[in-house]
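To keep things clear, I will list the structure first and then write my remarks on it.
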Amino acid sequence: MLEQPKFKFVCDACGSLTIRIANPERALDTAVVECGRCKMPRGTMAALRDLARRGRDESLEF
Ligand SMILES: [Zn+2]
1 MLEQPKFKFV CDACGSLTIR IANPERALDT AVVECGRCKM PRGTMAALRD LARRGRDESL
61 EF
């Protein structure tokens, strides 16, 4: 069974919260979401959706 990698809400490399989707017109579950600043891969659309769903249960501090 494949383990879904967790979406990195904060970039490991530069600490930015900005994200961009590499191919918005093909924003499938497997599409890679990358850092809006340094373009390091942060996760997939599926992982991002998963995070958004769970976000309601967890309190995110900013
Ligand atoms: Zn970054």
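Using the numbering used here, count along the sequence shown one by one with no gaps and you end on 62. Ideal placement from N, C-alpha and C gives every residue a C-beta, glycine not left out.
- For ARG49, the enclosing alpha helix (DSSP H) covers residues 45-54.
- Within the same chain, and ignoring the five residues on either side of ALA31 in sequence, the residues whose Cβ sits closer than 7 Å to its Cβ are ILE21, ALA22, ASN23, THR44, MET45.
- ARG26 has its CB no nearer than 8 Å to any heavy atom of ligand 1.
- Sorting ARG54, ARG53, LEU48 by C-alpha distance to the C-alpha of THR18 places LEU48 at the top.
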